[in-house]
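Everything below concerns the one structure shown next.
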Amino acid sequence: MRIGYIKRVGVILIGAVVMVLVPCFSFAGDFVIKNGTIITVKGDTIQNGTLIIKGDRIAAVGHDVEVPENAEIIDARGLFVYPGMIDGSCTLGLYEIGAVSATVDAYEIGTYNPHIKAMAALNPHSVHIPISRVNGITSALVVPGGGIISGQSAFINLNGWTQEEMVLKSPVGIHINFPRLPADDRRGMRARRPGGSETVKKRTEKQISELIELFNKARRYSERWESYLRSKKLPAPEKDLMLEALVPVIKEELPVIISVNAEKDIKNAIEFVDSMKVKAIFSGVNDGWEVAPLLAKHNIPVLVGPVLQTPGPRDPFDARYVNACILNRAGVKIAFITNSAADVRNLPYHAGMAAAYGLPKEEALKAVTIYPAEIFGLGDILGTIEPGKLANIIVTDGDPLEVTTHVKHLFIAGEKVSLKTKHTELYEKFRKRPKK
Amino acid sequence: MIKRMARKGGSFYFLIFSIMITIPLFAQLKIEGKGPDLVIKNATIMTVTNGTIDGGSIWIHNGKIKGVGKQIKTPRDVRIIDATGYYVIPGIIDSHSHMGIEGGINEATGQVTPEVSIQDVIRHDDISFQRALAGGVTAINTLHGSANVIGGRNAVIKLKFGKPAEELFIPGAKESIKFALGENPKKSNIPITRGQRKFPASRMGIEYTIREAFTKAKEYLRKWDEYEMKRKGKIKLTKWEKTAGLIPPKRDLRLEALADILRGRLDIICHAYRADEMLMIMRLGDEIGFKVGSFEHCLEGYRIADEIASHGVVASIFADSWAYKMEAFDAIPYNAAILHERGVLVTCNSDSPERVRRLFQEAAKTIKYGGLSETEALRTITINPAIRLGIDNRCGSIEVGKDADLAIFNGHPFSIYSRVEMTIIEGEIYFDITRAKTTEKVVEGLVKD
Chain U
1 MRIGYIKRVG VILIGAVVMV LVPCFSFAGD FVIKNGTIIT VKGDTIQNGT LIIKGDRIAA
61 VGHDVEVPEN AEIIDARGLF VYPGMIDGSC TLGLYEIGAV SATVDAYEIG TYNPHIKAMA
121 ALNPHSVHIP ISRVNGITSA LVVPGGGIIS GQSAFINLNG WTQEEMVLKS PVGIHINFPR
181 LPADDRRGMR ARRPGGSETV KKRTEKQISE LIELFNKARR YSERWESYLR SKKLPAPEKD
241 LMLEALVPVI KEELPVIISV NAEKDIKNAI EFVDSMKVKA IFSGVNDGWE VAPLLAKHNI
301 PVLVGPVLQT PGPRDPFDAR YVNACILNRA GVKIAFITNS AADVRNLPYH AGMAAAYGLP
361 KEEALKAVTI YPAEIFGLGD ILGTIEPGKL ANIIVTDGDP LEVTTHVKHL FIAGEKVSLK
421 TKHTELYEKF RKRPKK
Chain X
437 MIKRMARKGG SFYFLIFSIM ITIPLFAQLK IEGKGPDLVI KNATIMTVTN GTIDGGSIWI
497 HNGKIKGVGK QIKTPRDVRI IDATGYYVIP GIIDSHSHMG IEGGINEATG QVTPEVSIQD
557 VIRHDDISFQ RALAGGVTAI NTLHGSANVI GGRNAVIKLK FGKPAEELFI PGAKESIKFA
617 LGENPKKSNI PITRGQRKFP ASRMGIEYTI REAFTKAKEY LRKWDEYEMK RKGKIKLTKW
677 EKTAGLIPPK RDLRLEALAD ILRGRLDIIC HAYRADEMLM IMRLGDEIGF KVGSFEHCLE
737 GYRIADEIAS HGVVASIFAD SWAYKMEAFD AIPYNAAILH ERGVLVTCNS DSPERVRRLF
797 QEAAKTIKYG GLSETEALRT ITINPAIRLG IDNRCGSIEV GKDADLAIFN GHPFSIYSRV
857 EMTIIEGEIY FDITRAKTTE KVVEGLVKD
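Those protein sequence lines, which keep their order, are chains U and X.
The first sequence runs 1 to 436 under this note's numbering.
The second sequence runs 437 to 885 under this note's numbering.
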């Protein structure tokens, strides 16, 4: 009894200390950002323009706009106003320290896990979230990994006290790691796996047919439930959470997001998507440059990259850098990704590197703003600076894709978010260490 | 018209047409003229040590830089590269790499293996050399891994892809033994079943491993010193030695390498993350009598910058890599800024065949985080690593008399939109994007895949 009491007091005390220590990270209210160069991404760039934020939305943008009373005014003279950037695939909130498994919730055991939800494990207070957003990334798709069907992703804003406050959409898609064929001699390494390429090939074919069978099962499951709900005469079918998770995919309400890289596997994945009649987004797609017209023909958007990767042993040296450019030129809608948590902040450099190797700069910017928003069905609320959209806004001292640019002000869903992070705090602390 | 061409001449005309429309998108560096010497003219030259020259020229003779400046005299019969609009920087030097090593990089069968050398296993045809060349890198310090406490010897080489291994070594470069502290040698991140656990499993055990090794080395050194003195007649022989003759101590290559560290002939390159372990080895060095040359990664260096500076240790760091291990969780990208401000020589390294291709972006991050100047940032991938590796007499800056190791960019090297167009080592062109097998050329069918 007494111990329980002490424990309870202890918890309350710790709670009180934590509450005092947690600084106020964001400020709500109306904001006027004036005198800045506004890169709307949608239309023309507005020189010396004004942007009004009311509540969580962009209220107005332009030259002659009505300025609300009591709004906080931010002078952006000499600065640039951009929509916040979006990482098309990452593990933010699921992944803290790579080598410490207790801090990693990004992968589940099991081969087919369409019922697993990223949102369930999302940690709103991951140290990587503030560190990512201060480099201009304001939203991201949080993706589960592992197995062949890894689960359901969640699209988040990089600010919020709870999962509900952060998540804009969940599920966004069901993630599939498409079974990989052994590499032929052109992409040597994989064929040398134990068991040899024939074994791998057989296993892959078996996995693909299992995947098809699972989708067919889900279709039958969906039909059984529909006919039950129509008549209510038959006994209710047994609930199956795994198949149930696939029903929205079967009904084309939810896309599959297929992680696939090698040319042959991409072709197989296209065939799979076609025959299953499901909506699809592809992710990774390292060999996209070899099949770009095919992807364009099938109207499959691509979450391309990461760009900053080593190419395959026999690929041209710039294969990963040029990939986005070739896909874009062929008419494929692209978005850049980091597939990371600690390096989400470096998303702009993936886009920038693609631009250094041929992708037009404007397209590179779109591929970290409006294109990912559109790909995930959020084009009406994110990705550009337009009245009515969510106020995810960054104010910078330069092109946000340039390494040397700094974010000076940051707004997520209309909240002015602090630029302090673990890194800036350690910097401040140790630069002030008395000289020895 | 395009359609008609495509139909009529098969794909040939169409191909020519597509090349015509794609090529003007990228200006190209062309080499004109004939002659043994090479002149790069009208370039923005970032010399690193003598400022930036706009519209300058570099004259390369016999693999060396013979002239640099706005107006320089050159012989008549030279090959000329008109680099109007291009930037030239010294060839990038990666102070921490594992490229070009045949087989494994760790001789981790024991905790102390300074007798092995990376110099014996250099692989000259590593494809990652070609890729690093495409990122403007001309020289690397390629290292033994960090799986054991005291590893093997390094190799400082130029990326002369295609040349035999022995032509890659840079004469006079500092020779170092790799040491490793923290999670790697204590094997924190490798699943090991209980029964197989081996010493050391803690930072205490690592300290002891080094102490024990140097204690043996000191004893070895004492025996050899005594032998030499006796041989030279500086101390008296024992009665037994007078009759049987002077017998040299047994040669032990492991202890010999450690003794060479104590003699100051070999340097220590020390993989270290946390502040506490860096303080530990500096203290141990003061006590035993060895000096650490560089801390590799040095993630928590910012916490003890003064101590690192006063011991004269170089910080060979990642610009912003962090959180992949527990000991990397307090790393900050402002590390370079604090270390530099407090007088530590900083180099930005790759430790990866991927990151090595964009070290110029890593250097740019030291400007972003903590505000290093452009020159200071550029130094971290050129002259600073050259100083660290003892090759600053011939590499690391664009100066008359130095090796003509150069990287030519199509824009400012710190702009994300710039890329390397040409990389030159000792006057020879090792990478030229116009002649390289690029993805676009493969797609166009211009080169065989």
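Glycine residues also receive a C-beta, built at the ideal position from the N, C-alpha and C atoms.
Distances from the CA of residue 485 of chain X to each of X:819, X:824, X:843 were compared; the closest alpha carbon is that of X:819. Contact annotation for residue 430 of chain U against chain X: 738, 739, 774 [CB-CB distance below 7 angstroms, chain order].
Counting only unbroken stretches of 3 or more residues, the beta strand (DSSP E) elements lying wholly within the stretch 774–855 of chain X are 782–784, 842–845, in sequence order. An exposed status is given to residue 199 of chain U, since fewer than 16 other beta-carbon atoms sit within 10 Å of its beta-carbon.
When secondary structure is reduced to three states using DSSP, residue 523 of chain X falls in the strand class. Close CB contacts of residue 682 of chain X within its chain, under the 8 angstroms cut and outside five residues either way in sequence, are with 663, 666, 667, 673 (chain order). Membership of residue 47 of chain U in the beta strand (DSSP E) is indicated by the continuous run 46–54. Chain-order list of chain U residues neighbouring residue 562 of chain X: empty, with the shortest C-beta distance near 11 angstroms, by a criterion of under 8 angstroms.
Cβ neighbours of residue 103 of chain U within its own chain (closer than 7 angstroms, five residues either side excluded): 96, 97.
Residue 697 of chain X and residue 688 of chain X have their C-alpha atoms spaced approximately 14 angstroms apart. Looking at X:789, X:799, X:788, X:795, the one whose alpha-carbon comes closest to that of residue 771 of chain X is X:799. By the Cβ-count criterion, residue 614 of chain X is buried, with 16 or more other Cβ atoms from all chains shown falling within 10 Å of its own Cβ. As summarised for the stretch 139–191 of chain U, the continuous alpha helix (DSSP H) elements at least 4 residues long and confined to that stretch are 163–166, given in chain order.
Neighbours of residue 566 of chain X in chain U, taken as residues at a C-beta separation under 8 angstroms, are given in chain order as 317. Flagged as an interface residue toward chain U: residue 803 of chain X, by a C-beta distance shorter than 8 angstroms. Residue 407 of chain U and residue 734 of chain X have their C-alpha atoms some 27 angstroms from each other. Boundaries of the beta strand (DSSP E) around residue 574 of chain X: 573–578. The stretch 558–573 of chain X makes contact with the stretch 592–608 of chain X, as at least three CB pairs between them are under 8 angstroms. Residue 648 of chain X is classed as exposed because its beta carbon has fewer than 16 other beta carbons within 10 Å across all chains shown.
Closer than 9 angstroms at the C-beta level to chain X, one finds these residues of the stretch 333–349 of chain U: 341, 342, 343, 345, 346, 348, 349. If you draw a straight line from the Cα of residue 270 of chain U to the Cα of residue 36 of chain U, it comes to about 45 angstroms.
Against chain X, the CB of residue 420 of chain U has no partner CB under 8 angstroms away; the residue lies outside that interface. Nearest neighbour of residue 219 of chain U by Cα position, chosen from U:277, U:34, U:361, turns out to be U:277.
Residue 693 of chain X sits in a helix when the DSSP states are folded into three classes. Contact between residue 841 of chain X and residue 575 of chain X holds, with the beta-carbon distance rounding to 7 angstroms and staying under 8 angstroms.
Comparing alpha-carbon positions, the option among U:157, U:113, U:52, U:313 lying closest to residue 385 of chain U turns out to be U:52. Here the stretch 576–593 of chain X does not lie against the stretch 320–329 of chain U, with fewer than 3 beta-carbon pairs under 8 angstroms apart. Between residue 252 of chain U and residue 858 of chain X, the alpha-carbon positions lie close to 49 angstroms from each other. In this structure residue 162 of chain U is exposed. Its beta-carbon is surrounded by fewer than 16 other beta-carbon atoms within 10 angstroms. The three-state reading of DSSP puts residue 259 of chain U in strand, counting E and B together. Taken through DSSP and simplified to helix, strand or coil, residue 390 of chain U comes out as strand. Looking at the backbone, the Cα of residue 93 of chain U and that of residue 106 of chain U are separated by about 9 angstroms. Excluding the 5 residues flanking it on each side, residue 572 of chain X has same chain C-beta neighbours closer than 6 angstroms at 528, 843, 856, 859, in chain order.
A distance of 8 angstroms or more separates the beta carbons of residue 143 of chain U and residue 122 of chain U.
With a beta-carbon spacing of about 5 angstroms, residue 82 of chain U and residue 400 of chain U fall inside the 8 angstroms limit used to define contacts. Of all residues in the stretch 760–785 of chain X, only 760, 761, 762, 764, 765, 766, 768, 769, 770, 773, 774, 777, 778 place a beta-carbon less than 8 angstroms from a beta-carbon of chain U.
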